[in-house]
Amino acid sequence: MLYSGCNDKFSSSVCLMECMHNSTDKKTLKRWFFIDKRISYTIEHNFVGDLESMDMKSNHNSPVLTDPVPLSKSRLGLPSNITPYSPVSTPYSTSSLYLQIPRRKAGKLDDVRATGWLDAMKASSPPRKKLMNKDITSESQPDETDAVYHTWMMSYPSALTKFHLITTYAKCKKIVLFLDYDGTLSPIVDNPDHAFMSVAMRSTVKKVAKYFPTAIISGRSRDKVYEFVRLSELHYAGSHGMDIMGRVRESESVDDHPGCISTTDEQGKEVHLFQPASEFLPLINEVFNSLVEITKHIIGVKVESNKFCVSVHYRNVDEKMWEEVGKRVFGFLKGFPRLRVTHGRKVLEVRPVIDWNKGKAVEFLLESLGLSHRDDVLPIYVGDDRTDEDAFKVLRQSKRGFGILVSTVPKETNAFYSLRDPCEVQEFLKSLVRWKKSEALLLKTKYHITTT
């Protein structure tokens, strides 16, 4: 630890000052400044402790330390790169969910005009570190030369190194997995049409779904995600949760879920579809065609239709042209008060103005699985994008599950744990399968002993 042996705020600052005096590199001094600020805050609020000594039996049932720091205040001494764009979600209500979906106040494009949409585009698209020759079977450790990331990891420890804590808390509970796709199960690529899942990852996800109810919640269209994954064992939610397909339980009928429609999947099995933004489909199609037309002369822009939302990718656009992309998109959308724009990693998302997001999708899926009111359920959400924060927030506020952020750079987040990349996500999923198998074997052995 960087402040080992420093027992109070004063001595920790002295330790850092001694290090600072021995360095003249501006980049190093800047890092020490942020660490000093972080340690002062940490000691003052008693935030960092022995994570192994967390109270697993607290009333809030949270498997990790409670985070006292508001999301709007950066823990790194830097401006937060998460721009709040939605009000606090209303609690999930099974009685009114399907028939009444409250609309957000129209006429605002997430207040990006107030903060500057170009700054928002840059802030939501931080560079990603490339990990070379990484051994994913070893314990996940942050880059020791990156002091800021190391400090961030104190608050969001690796889900691999803290896996024993997760499984300790998960004993006698039913784990339910929610997974993002891009950047979580597949790598981020220049061409979104080429974001293929590896054969090994598909095999791992298939095994996970054998032991745990598993759903993929993506900003992509549901059909596109299924085309990439092609596993019928899963539940799928596309368009940031606005297009949900789930398998039907034996005791369930379409009448149990007003707003759902009954249909069949490619295997001929009955499934339910829930599409809370269905009335927006003609409008979304119109906007998609128009955005394709008005951006077609900007080299590198790709406009993607995700059924109930439209994605304008600028990953391959020269940064000098980002302003032009923003001008055309935001300028055009001034005439559509029923739509809003959110920022992803080098992508602008055009979405309907309704109170629905990935967090609501998590609540809906838990309800449709009959797991929303059970104390023995542990939802885990793994995702890498800003849109996943709605799901992280739902699990944090409900105090019954936790989020895992996939990121190689420090970010403000509502998640509890972190993983660096899809390789670590795969290792985490494999670890869950191994743990579940060992638990089943142990239970079988105990049963055999008691019956002989």
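For the sequence shown, my numbering begins at 1 and goes up steadily by one. Think of the CB as a built atom: it goes at the ideal place given N, C-alpha and C, for glycine as much as any other residue. Quick caveat: nothing in here was measured; it's all calculated off a predicted structure.
What does a CB cutoff of less than 8 Å around residue i pick up in its chain, not counting 5 residues either side in sequence?
i, result
"Pro-91", "At Pro-91, the pLDDT of 46 sits below 50, so the modelled position is not reliable and the matter cannot be decided from this model."
"Asp-190", "Arg-315 and Asn-316"
"Leu-464", "No information on residue 464 is available, as it lies outside the stretch 1 to 452 that the chain covers here."
"Glu-231", "Contrary to the premise, residue 231 reads as Leu rather than Glu in this sequence. Closer than 8 Å at the Cβ level, and outside the excluded window around Leu-231, lie Arg-202, Val-205, Lys-206 and Ala-209."
"Ala-114", "Because Ala-114 sits at a pLDDT of 37, beneath the cut-off of 50, its placement in the model cannot be relied upon, and the following sentence gives the value as read from the coordinates. Within the same chain, Ala-114 has no close Cβ partners at all."
From the beta carbon of residue i, is the nearest beta carbon of chain D less than 8 Å away?
i, result
"Val-329", "Reference to chain D is not applicable here, since this structure consists of a single protein chain."
Leaving out the 5 sequence neighbours to the left and right, which residues in its chain are closer than 6 Å to residue i when beta-carbon positions are compared?
i, result
"Arg-420", "Thr-408"
"Ile-261", "Leu-273"
"Leu-97", "Confidence is the limiting factor: at Leu-97 the pLDDT is only 40, short of 50, which leaves the residue's position unreliable, though a coordinate-based value still follows. Same-chain partners within the cutoff: there are none."
"Leu-429", "Thr-204 and Val-208"
"Ser-431", "Phe-163"
"Thr-167", "Trp-435"
"Arg-351", "Cys-309 and Arg-340"
"Leu-177", "Phe-212, Thr-214 and Ile-380"
How many Å lie between residue i and residue j at the Cα?
i, j, result
"Tyr-314", "Leu-273", "31 Å"
"Pro-142", "Pro-422", "For Pro-142, the predicted structure reports a pLDDT of 43, less than 50, and the residue's modelled location is therefore unreliable. The matter cannot be settled from this model."
"Val-325", "Leu-442", "58 Å"
"Met-201", "Leu-185", "7 Å"
"Asp-265", "Val-271", "7 Å"
"Leu-118", "Trp-322", "7 Å"
"Arg-158", "Trp-152", "First, the residue type needs correcting, since residue 158 is Ser and not Arg in the sequence shown. Cα to Cα, Ser-158 sits roughly 11 Å from Trp-152."
"Gly-116", "Arg-400", "37 Å"
"Phe-330", "Glu-304", "16 Å"
"His-373", "Arg-434", "28 Å"
"Phe-332", "Lys-346", "19 Å"
"Glu-139", "Asp-243", "Unreliable placement is indicated for Glu-139, whose pLDDT of 40 sits below 50; no coordinate value is reported for it."
"His-194", "Arg-338", "31 Å"
"Leu-281", "Phe-288", "10 Å"
"Tyr-226", "Phe-402", "25 Å"
"Glu-286", "Val-425", "37 Å"
"Lys-436", "Gly-335", "53 Å"
"Val-301", "Thr-295", "7 Å"
"Lys-122", "Lys-320", "11 Å"
"Tyr-236", "Gln-397", "24 Å"
"Leu-234", "Ala-215", "5 Å"
"Lys-379", "His-297", "Residue identity check: residue 379 is Pro in the sequence provided, not Lys. Going by the C-alpha atoms only, they are around 45 Å apart."
"Asp-375", "Lys-174", "9 Å"
"Thr-165", "Lys-171", "The sequence shown places Leu at residue 165, rather than the Thr named in the question. Taking the straight line joining both Cα atoms gives about 10 Å."
"Leu-291", "Asp-390", "27 Å"
"Ser-368", "Asp-318", "44 Å"
"His-150", "Leu-283", "46 Å"
"Thr-263", "Gly-238", "17 Å"
"Ser-198", "Gln-267", "23 Å"
"Ile-188", "Met-245", "25 Å"
Take residue i and list the residues in its own chain whose beta-carbon comes closer than 7 Å to its own, dropping the five residues that flank it on each side.
i, result
"Asp-180", "Ile-217, Ser-218, Val-382, Gly-383, Asp-384, Asp-385 and Asp-388"
"Asp-146", "none"
"Phe-196", "Ser-186 and Phe-228"
"Lys-269", "Arg-247"
"Leu-109", "Only weak support is given to the placement of Leu-109: the predicted model assigns it a pLDDT of 46, under 50, and the value that follows is read from those uncertain coordinates. Contacts found: Phe-330, Leu-333, Arg-340 and Val-341."
"Met-192", "It is worth fixing the name first, because residue 192 is Pro in this sequence and not Met. Closer than 7 Å at Cβ, skipping near neighbours: Lys-302, Glu-304 and His-313."
"Arg-328", "Ile-294 and Thr-295"
Can you tell me whether residue i is buried or exposed, with buried defined as 16 or more other CB within 10 angstroms of its CB?
i, result
"Ala-440", "exposed"
"Ile-299", "exposed"
"Thr-445", "exposed"
"Gly-240", "Note that residue 240 is His in the sequence shown here, rather than Gly. The residue is buried, with at least 16 neighbouring Cβ atoms inside 10 Å."
"Gly-183", "buried"
"Val-349", "Before going on, a small fix: residue 349 reads as Glu here, not Val. So Glu-349 counts as buried."
"Val-394", "buried"
"Thr-450", "exposed"
"Ser-438", "exposed"
"Glu-293", "exposed"
"Lys-360", "buried"
"Gly-370", "exposed"
"Glu-44", "Confidence at Glu-44 is low in this model, with a pLDDT of 39, below 50, so the placement of that residue is unreliable and no value is reported for it."
Practice problem: At 4 residues or longer, and completely inside the segment 263 to 351: list those alpha helix (DSSP H) runs for me, N to C. | Solution: Runs of the alpha helix (DSSP H) lying entirely within the segment 263 to 351, each at least 4 residues long, are 281 to 295 and 322 to 333 in chain order.
Quiz item: Fully enclosed by the segment 168 to 195, which beta strand (DSSP E) runs are 3 residues long or longer?
Solution: Note on the segment 168 to 195: whole beta strand (DSSP E) runs with a minimum of 3 residues are 174 to 179, in chain order.
Quiz item: Taking contact to mean at least 3 C-beta pairs separated by less than 8 Å, is the segment 350 to 360 in contact with the segment 266 to 281?
Solution: yes
Practice problem: Take every Cβ of the segment 220 to 234, pair it with every Cβ of the segment 295 to 309, and state whether three or more of those distances are shorter than 8 Å. | Solution: yes
Practice problem: Run through the segment 346 to 427 for me and flag every whole beta strand (DSSP E) of 3 or more residues, listed as ranges in chain order. | Solution: As for any beta strand (DSSP E) of minimum length 3 sitting wholly inside the segment 346 to 427, the runs are 347 to 352, 377 to 383, 402 to 406 and 417 to 419, ordered along the chain.
Practice problem: Mind the definition here: the segment 334 to 350 touches the segment 363 to 379 only if three or more C-beta pairs lie below 8 Å; say whether that holds. | Solution: no
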